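Trainee: Just so you know, the sequence shown maps onto residues -25 to -1, 1 to 616 in mature numbering (1 follows the signal peptide of the UniProt record, and there is no 0).
Positions of the beta carbon are idealized from the N, C-alpha and C atoms, including for glycine.
Quick caveat: nothing in here was measured; it's all calculated off a predicted structure.
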Amino acid sequence: MKQRKIVIKVVVAMAAAMGLLLGTAASTNVLTEAAETNTAVQDETASGHFGGPDGPDWTRDGNNFNLTGGVLTERIDNQLTSNIRTATVINITGKLYLEGEASRELFSSLNNVTTINGMENVDTAKATNMELMFAEDQALTSIDVSSFDTRKVTDMAAMFANDSSMKSINVANFNTDNVTIMPNMFADMHEVESINGTNFNTQKVTEMTAMFWNDPNLKTVDVSSFQTPNVTSFRAMFADDSSLTSLDLSGFDTQKLLGYSNGTLGLMLRGTSSLTQLTLGPNIQFDKNKTINGASAGLPTLGAPAGSERWQAVAADKGGTVDNPKGATAFLPDELTSLYDQSNANHPTKVETWVPYFKDTLDVKSPINLTVGQSFDPKAGFVSAADGNGEPVTYDQAVAEGKPGGLAVDTSGLDTSKPGTYNVTYSYHMRKAVVKVIVSAAPGVTPNPTPTPNTNGNNSGSSNPAWNPTNPKNPNGTGLPNYADVRNDAVYATKKIYLYQNPTFKKSQRIAAYPKTKRINRPMFVVIDFAKSNGGALRIKVRDVNHGKKTAGKVGYITANPKYVTNVYYQTMPKSNQVKVIATKGVYAYQNANLSGKAKHYRKGARLTVKKLVKHNLTTRYQLSNGHFITGNKKLVIHSR
């Protein structure tokens, strides 16, 4: 008996994880084999008794196996498995008390059983071990364990392992205050779609190896309440959960594990290819140098998020949301694990949620104030957007894209006929943003109001009566240079400049500095609006669109002086009708002006003959002599002499 216990404990709890370590399939039905080699063939009977004198009686009637009430104080090994034979339904008809180790393996390896009725009659208040309790019940589609009292249980290893037909399992009421062992608890459950571990107390747990391994249909698993200060193995914990879309590990702590010689989190996230949301806390630490038997033990085998190559922080502290993240940097999987490496001095110090990085962007203005009866203009909430290529588009252009993906504004919850605060949702490609609309009662009219001087340094007006930022092309208006005459246009800095909080520049109000740099690295901005300083100097309100930089997404004011700022996209044809590729990675030519239909790649240094300048949205393209299109971005190509 002792030998069997060791075989089951080691093989079931570690087979999946160690099999993964060795690169094997780990598909052997170890529980069934163990049961078959340790079970004596018994005579065909229709009734019997389990355990001591207070144990339950049983009868078998066709497909029904009936179990009366009683008390079990120790394991009954495989007596249930041996006598149930071809029965498919278990009926527990009386109060059945399970004490100590009696629950261990009690209902395991019942290959034909599809239903267990009367689980509310099972009293587990004195049970201490639920290892393998329902394991290998491959025909069982559901089990009601909501009445279980698990306060004294210390071992839940492989409790539901390889219940490959079970579609749902409710363990929300489990008390796990004293549980120390949870490996393989829900492993190999091929049909289960959700597991709720919200109420699990995991403070004492030391082992979570392969806890949710190989659950290919598992879409949601709530482990947000998990605290893991004593866990020494997360190996393959979520491995091969290919349908899992989100994972909250904010409470996980891997610090003790890394200091333990056999501690491992290798393969923890391998094969989670559908993940689009990953939340990590400050106590998540990795170690790229930790190995066991030559295999990585300090990295979780994180892959790319679904639909993208990189991960981006939501950055909620900057106003980011899951649908519209504001993280300044996009990380490849290896770069993200390096960010959380224990050796990184800049290791994150707060909880952060990571989502797929996409080049399309959407910025909105909120709140918008209206009075009762005033109509809402969707354009008022729109600040800027960029398409899937990262190129800026106007409101009208984004709307004109149509469905799917084009800009849509949902005003279904807005009622301007009465005061209140309403949410209007803007959607563009993969991005969503909410504009708060505040509708107030119409104020009373105040005759001859006293003008209030503007003394806060944010004066966007001018003593020039012709100043008219809404019509910048008016020759008697702003006098804006041609690179800044259209909102949402793209500009870049040719010399060192600063981004300021207000149009009246003050050193104390600098938001960011942009040093002079090579042409291909020049900082780029999208024009949002125009303003003038107190002294009448023209300023441009911009949004930083330097993806991957810490300043990305910042909004402020820059100079409009053409000696420092100019448009990113060429507005004229080269005199020689030739352009030279200067982008380090070269550029692609496309069949269409919207840069769709990739046709050919041109390396850095290539000289290309162009026959036409074509405007597309707020950008420009050059049409080559062969009819293909390339970008007119000055950071990527230059007029050739």
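Considering only their Cβ atoms, is the gap separating R514 from I533 smaller than 8 Å?
Mentor: In the sequence shown, counting from the first residue as 1, residue 533 sits at position 558. In the sequence shown, counting from the first residue as 1, residue 514 sits at position 539. Yes, these two residues count as a Cβ contact at 8 Å.
Trainee: Which ranges would you report for the alpha helix (DSSP H) in the segment 29 to 103 if only whole runs of at least 4 residues count?
Mentor: Those alpha helix (DSSP H) runs which fall completely within the segment 29 to 103 and span 4+ residues are 54 to 59.
Trainee: Measure the Cβ-Cβ separation of D138 and M164 and say whether it is below 8 Å.
Mentor: Here residue 138 refers to the residue found at position 163 when the sequence shown is read from its first residue. Here residue 164 refers to the residue found at position 189 when the sequence shown is read from its first residue. In this structure, M164 lies closer than 8 Å to D138 by Cβ.
Trainee: Can you confirm whether the segment 98 to 115 touches the segment 65 to 76 when touching is taken to mean that 3 or more C-beta pairs between the two stretches lie within less than 8 Å?
Mentor: Yes: the two stretches touch, three or more of their Cβ pairs being nearer than 8 Å.
Trainee: State the DSSP-derived secondary structure class of G388, mapped to helix, strand or coil.
Mentor: Taking the first residue of the sequence shown as 1, we reach residue 388 at position 413. Note: G388 maps to coil in three-state DSSP.
Trainee: Using CA atoms only, rank isn't needed, just tell me which of L224, T239, Q252, Q202 is closest to residue 675.
Mentor: There is no way to answer for residue 675, as the model of the chain reaches only from -25 to 616.
Trainee: Round the Cβ separation of V543 and N608 to the nearest angstrom and send it over; I've been treating them as touching at under 8 Å.
Mentor: Locating residue 543 in the sequence shown gives position 568, counting from the first residue. Locating residue 608 in the sequence shown gives position 633, counting from the first residue. Right, the Cβ-Cβ distance comes to about 6 Å (below 8 Å), so this counts as a contact.
Trainee: What residue range does the alpha helix (DSSP H) around T312 cover?
Mentor: Residue 312 sits at position 337 when you count from the first residue of the sequence shown. Segment 308 to 314, the alpha helix (DSSP H) holding T312.
Trainee: Pick helix, strand or coil for K411, following the three-state DSSP scheme.
Mentor: By one-based count along the sequence shown, residue 411 stands at place 436. If DSSP states are grouped into helix, strand and coil, K411 belongs with the strands.
Trainee: Pick from S249, D119, G511, K179: whose alpha carbon is nearest that of V154?
Mentor: Translated into the one-based positions of the sequence shown, residue 154 becomes position 179. Among S249, D119, G511, K179, the Cα nearest to that of V154 belongs to K179.
Trainee: Should V339 be counted as a contact of the ligand FAD given a C-beta to heavy atom distance under 7 Å?
Mentor: The ligand FAD is absent from the structure shown, which contains no ligand whatsoever.
Trainee: Identify, in the order they occur along the chain, each residue of the same chain with its Cβ nearer than 8 Å to the Cβ of M105, setting aside the five sequence neighbours on each side.
Mentor: Here the question's residue 105 lines up with position 130 in the sequence shown. For M105, where only same-chain residues beyond five positions count, the Cβ hits under 8 Å are S78, R79, T99, T125, V128, D130, M131, M134.
Trainee: Please name the residue, chosen from F357, L244, D119, that lies closest to W188 on a Cα-to-Cα basis.
Mentor: The residue you call residue 188 lines up with position 213 of the sequence shown. Of F357, L244, D119, the residue nearest in Cα terms is L244.
Trainee: Which one or two residues does DSSP pair with M499 in a beta bridge?
Mentor: In the sequence shown, counting from the first residue as 1, residue 499 sits at position 524. Y467.
Trainee: Tell me whether V612 sits in a helix, a strand or coil according to DSSP, three-state version.
Mentor: Start at 1 with the first residue of the sequence shown, and residue 612 comes out as number 637. V612 falls in the strand class under three-state DSSP.
Trainee: What number of angstroms, rounded off, separates the C-alpha of A506 from the C-alpha of L474?
Mentor: Here residue 506 refers to the residue found at position 531 when the sequence shown is read from its first residue. Here residue 474 refers to the residue found at position 499 when the sequence shown is read from its first residue. When rounded, the distance between both Cα atoms is 14 Å.
Trainee: Can you grab the Cα-Cα spacing for the pair K263 / G278, in whole Å?
Mentor: As a working note, residue 263 is residue 288 in the sequence shown. As a working note, residue 278 is residue 303 in the sequence shown. About 15 Å.
Trainee: Apart from the five residues just before and just after A305, which ones in its own chain have a Cβ nearer than 8 Å to its Cβ?
Mentor: The sequence position of residue 305 within the sequence shown is 330, counting from 1. Once the five neighbours on either side are set aside, the close Cβ partners of A305 are R285, W286, Q287, Y332, H522, G523.
Trainee: Per DSSP, which residues does L337 bridge with? Please list them.
Mentor: For this step, residue 337 is matched to residue 362 along the sequence shown. Answer is A360, bridged to L337.
Trainee: Which two residues bound the contiguous alpha helix (DSSP H) that contains D371?
Mentor: Here the question's residue 371 lines up with position 396 in the sequence shown. 370 to 375 is the extent of the alpha helix (DSSP H) around D371.
Trainee: Specify, as a first and last residue, the run of the beta strand (DSSP E) that K493 falls within.
Mentor: Counted from its first residue, the sequence shown places residue 493 at position 518. Looking at the DSSP string, K493 is not in any beta strand (DSSP E), and its letter there is neither H nor E.
Trainee: Are the CB atoms of M108 and L85 within a distance shorter than 8 Å?
Mentor: Position 110 of the sequence shown, counted from the start, is the residue given in the question as residue 85. Position 133 of the sequence shown, counted from the start, is the residue given in the question as residue 108. In this structure, M108 does not lie closer than 8 Å to L85 by Cβ.
Trainee: Quick check: what's the CA-CA separation for N364 versus Y397?
Mentor: Taking the sequence shown and counting its residues from 1, the one referred to as residue 364 is at position 389. Taking the sequence shown and counting its residues from 1, the one referred to as residue 397 is at position 422. Each residue's alpha carbon lies about 32 Å from the other.
Trainee: Output needed for Y235: all residues of its chain with C-beta closer than 8 Å, excluding positions within five of it in sequence on either side, in chain order.
Mentor: Position 260 of the sequence shown, counted from the start, is the residue given in the question as residue 235. The answer, listed in chain order, is T207.
Trainee: Does any residue of chain E have a CB that is nearer than 8 Å to the CB of N96?
Mentor: The chain labelled as chain E is not found in the depicted structure, where only one protein chain is given.
Trainee: What residue range does the beta strand (DSSP E) around Q553 cover?
Mentor: By 1-based counting over the sequence shown, the position of residue 553 is 578. Counting along the chain, the beta strand (DSSP E) containing Q553 begins and ends at 553 to 556.
Trainee: For P342, count neighbouring Cβ atoms within 10 angstroms of its own Cβ and tell me buried if that reaches 16, exposed if not.
Mentor: One-based indexing of the sequence shown puts residue 342 at position 367. Its Cβ having fewer than 16 others within 10 Å, P342 is exposed.
Trainee: For L570, which three-state DSSP category applies?
Mentor: Within the sequence shown, the letter at position 595 stands for residue 570. The answer is coil: DSSP assigns L570 none of H, G, I, E or B.
Trainee: Could you tell me if Q546 is buried or exposed, where buried requires 16 or more neighbouring beta carbons within 10 angstroms of its beta carbon?
Mentor: Taking the sequence shown and counting its residues from 1, the one referred to as residue 546 is at position 571. So Q546 ends up on the exposed side.
Trainee: To the nearest angstrom, how far is the alpha carbon of F500 from that of R518?
Mentor: As a position in the sequence shown, residue 500 is number 525, starting the count at 1. As a position in the sequence shown, residue 518 is number 543, starting the count at 1. So the alpha carbons of these two residues sit roughly 5 Å apart.
Trainee: Could you check where the alpha helix (DSSP H) with Q287 kicks off and where it finishes?
Mentor: Within the sequence shown, numbered from 1, the residue matching residue 287 stands at position 312. Looking at the DSSP string, Q287 is not in any alpha helix (DSSP H); the run it does join, the beta strand (DSSP E), is 286 to 288.
Trainee: By the DSSP assignment, the alpha helix (DSSP H) with Q230 in it spans what residues?
Mentor: Mapped onto the sequence shown, residue 230 falls at position 255. Its alpha helix (DSSP H) spans residues 230 to 233.
Trainee: How is S508 classed by DSSP in three states: helix, strand or coil?
Mentor: The sequence position of residue 508 within the sequence shown is 533, counting from 1. The answer is coil: DSSP assigns S508 none of H, G, I, E or B.
Trainee: Could you tell me the alpha carbon to alpha carbon distance between V289 and V46, rounded to whole angstroms?
Mentor: The residue given as residue 289 occupies position 314 in the sequence shown. The residue given as residue 46 occupies position 71 in the sequence shown. Each residue's alpha carbon lies about 54 Å from the other.
Trainee: My output table needs one value for T300: the three-state DSSP class, helix, strand or coil.
Mentor: In the sequence shown, the residue the question calls residue 300 occupies position 325. A small correction: the amino acid at residue 300 is Pro; Thr does not occupy that position in the sequence shown. Correct three-state label for P300: coil.
Trainee: Provide the residue span of the beta strand (DSSP E) that contains H591, from first to last.
Mentor: The residue you call residue 591 lines up with position 616 of the sequence shown. It spans 582 to 591 - the beta strand (DSSP E) in which H591 sits, taken as one unbroken run.
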